[in-house]
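For reference, the structure discussed in these notes is given below.
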Amino acid sequence: FLNAGWRSYHAAWIYQRRKHSERVITFAEDAARYWKRANAGKHEQAYAARLKGVGYRLAGEYRAAIDQGMIAVGLFQAKPPNKFGAELALGDIGKAKSLMGDFSGAESDFKRARTMASEIGDKEGVATYSADLAAIALETGKWVLAEELSKKALSLSHVVGRRELIALSNMRLSKAILHQGKPREAL
């Protein structure tokens, strides 16, 4: 049943890429059931909760997404702790809060996730959460901060080779510079 749980988990991520929220939630629930039957550990339960939260976020059910993310963070932080998993779940919570318009809460979660990513040497995570923080700064009109965070995210994105993050950071950097009244620099 352990392998069946992982197969359901991976299938759910495929549906996440396709934006099929119902299938993500269904496969996350299947993974949780298989792992329960296999007497799997807390980390597997955490992965299932995190993924279910991602499905809820896709469905626009942000409160449920946050709740599942919090369950995942708690399970990931159980002994022995899985800081990488907790970091990812915090990032998911931040995304849901951002979509709800809770920019202060999202900023807090992204900062915590970025700190965890830095502590474990996850450069891609640091780049991602810096980009997420830049998006929050743009949403809240903090143009100089958005520029600084976008530059940091852009630099790290080049190091880790994430093209989509490079493009996103470039776009956010341009917007931040444009809002500061420097259109030539924004090109």
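If you want my numbering, it's the position in the sequence shown, counting the first as 1, plus 44.
Where a beta carbon is used, it is the ideal one built from N, C-alpha and C, also for glycine.
Here the structure is a predicted model, which means the values were calculated and not measured.
Item, Value
"Check each candidate in Gly-85, Ala-140, Arg-81 and name the one with the smallest Cα separation from Lys-96.", "Ala-140"
"For Ala-190, which residues in the same chain have their Cβ closer than 6 Å to its Cβ, ignoring the five residues on either side in sequence?", "Ala-178, Ala-181, Leu-182, Ala-220"
"For Ala-150, does the count of other Cβ atoms within 10 angstroms reach 16, so buried, or fall short, so exposed?", "buried"
"Helix or strand or just coil, what does DSSP make of Pro-227?", "helix"
"I believe Ala-161 touches Leu-200 by the beta-carbon criterion, under 8 Å. Please report the beta-carbon distance rounded to the nearest angstrom.", "With 8 Å as the limit, Ala-161 and Leu-200 do not qualify as a contact, their Cβ atoms being about 10 Å apart."
"For Ile-58, count neighbouring C-beta atoms within 10 Å of its own C-beta (all shown protein chains included) and say buried if the count is 16 or more, exposed if not.", "exposed"
"May I have the straight-line CA-CA distance separating Ala-103 from Gln-112, to the nearest angstrom?", "14 Å"
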